[in-house]
Amino acid sequence: MKVVITGAGGMLGQDLAAAADAVHHEVKGFTREQLDITDELAVRRAFEEELPAVVINCAAYTDVDGAETDRELAFAINGEGAGFVAAAAAAFGAKVVQISTDYVFDGLKGEPYVENDKTDAHSVYGASKLAGEKAVIEANPRHLIVRTSWLFGLGGKNFVETMLGLAEDQKELLVVHDQVGCPTYTRHLAEAIVELIDFERLGVMHLVASGHCSWFEFAREIFRQSQLDVSVLSGTTEMLGRPAPRPAYSVLETSRDDAPELPRWDHGLHGYLIARADAAGSSSQALQAIDANGALS
Ligand SMILES: NC(=O)c1ccc[n+]([C@@H]2O[C@H](COP(=O)([O-])OP(=O)(O)OC[C@H]3O[C@@H](n4cnc5c(N)ncnc54)[C@H](OP(=O)(O)O)[C@@H]3O)[C@@H](O)[C@H]2O)c1
């Protein structure tokens, strides 16, 4: 099957291209330089030439704090651009997979969000992604909107890298305990999405790692599995004073029985740490020796 990926140079885009290629789909990935999704005509021309069966849109404005002051660009890419991708896919007979986020919710529910829970984005980023969901639904009836959260993977900046980078010269780190979510390994997510595109699974679907934790617990597990002696201090969101509001409780759950189940978040972390050690050419034996099953619940 011919699969086109937009935003293919990003963290999830790279893993999706690899996962689709691994099961012998014909993959054409467009980086931002190769295809800007805010250019409606360019998107149509690209899809007319490629004639994909499926388009997966990973292109996004993902700077959550930056979006607070860069509202227009965030909406142009995450809202309108997503609509252009979905419409061009429809014009040439393709279904579209749109990647969305837990930020479409207010984070106040206190229990896991399922697909048909009421959306109410509090940040500009979240509002722009919600605009994208609506644009995609209007433009292409054959859409699958995948909401996911707290991504980490080899191809981009992420929380694990931030923690490991800080640990190089700090032995004490303050990390918030009052935001809870589902850290999700992009390789696991990519494999699940590739599994889904073989079927006509449409609508909205929540796809995140199993289990949940706070950023504080996530940081502690990163250092435990990496065998680094760093003490993690528990802080609050208010103490950090970031420009964009974050959903406090953004655990996603699926109410669909046709959704694949992803491995646990701490198993994802384990896989990621091995993959990054392999990528760096260093031995992953020490990590492999750790029993990831004994990690956080
Ligand atoms: N990261 C997370 O924790 C997270 C959580 C939930 C949902 N998501 C969603 O998952 C998807 C993938 O995110 P990611 O983490 O892989 O982000 P990422 O690494 O920032 O990837 C996004 C890619 O989109 C590209 N891009 C930006 N504007 C574009 C445009 N106008 N046209 C074409 N490409 C453009 C970026 O290029 P440049 O780098 O050159 O700008 C980047 O390569 C996004 O839809 C995001 O909203 C992410």
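So this note's numbering is basically just the index in the sequence shown, starting at one, shifted up by 45.
Glycine included, every Cβ here is placed at the ideal spot set by N, Cα and C.
query	result
C-beta atoms of GLY171 and VAL142 nearer than 8 Å	no
Rounded separation between GLY58 and LYS154 - CA only	30 Å
GLU85 - containing beta strand (DSSP E), residue span	Careful: GLU85 lies outside any beta strand (DSSP E), inside the alpha helix (DSSP H) at 85–95.
Beta-carbon gap between ASP110 and ARG309 smaller than 8 Å	no
Residue burial classification, ALA67 (beta-carbon count within 10 angstroms, cutoff 16)	exposed
HIS233 - DSSP class collapsed to helix/strand/coil	helix
Nearest neighbour of ALA264, chosen from SER255, HIS251, VAL88, LEU278 [CA to CA]	LEU278
Sub-8 Å separation of GLY313 and HIS251 beta-carbons	no
At least 3 beta-carbon pairs within less than 8 Å: the stretch 127–139 vs the stretch 184–193	yes
Backbone CA spacing between LEU218 and LEU209 [nearest angstrom]	11 Å
With 16 other Cβ atoms within 10 Å as the buried cut-off, status of LEU175	buried
Exposure of GLN79, with buried meaning 16 or more beta-carbon neighbours within 10 Å	exposed
CB of THR83 within 8 Å of CB of GLY54, strictly	no
Span separating the alpha-carbon of ALA166 from that of GLY152	9 Å
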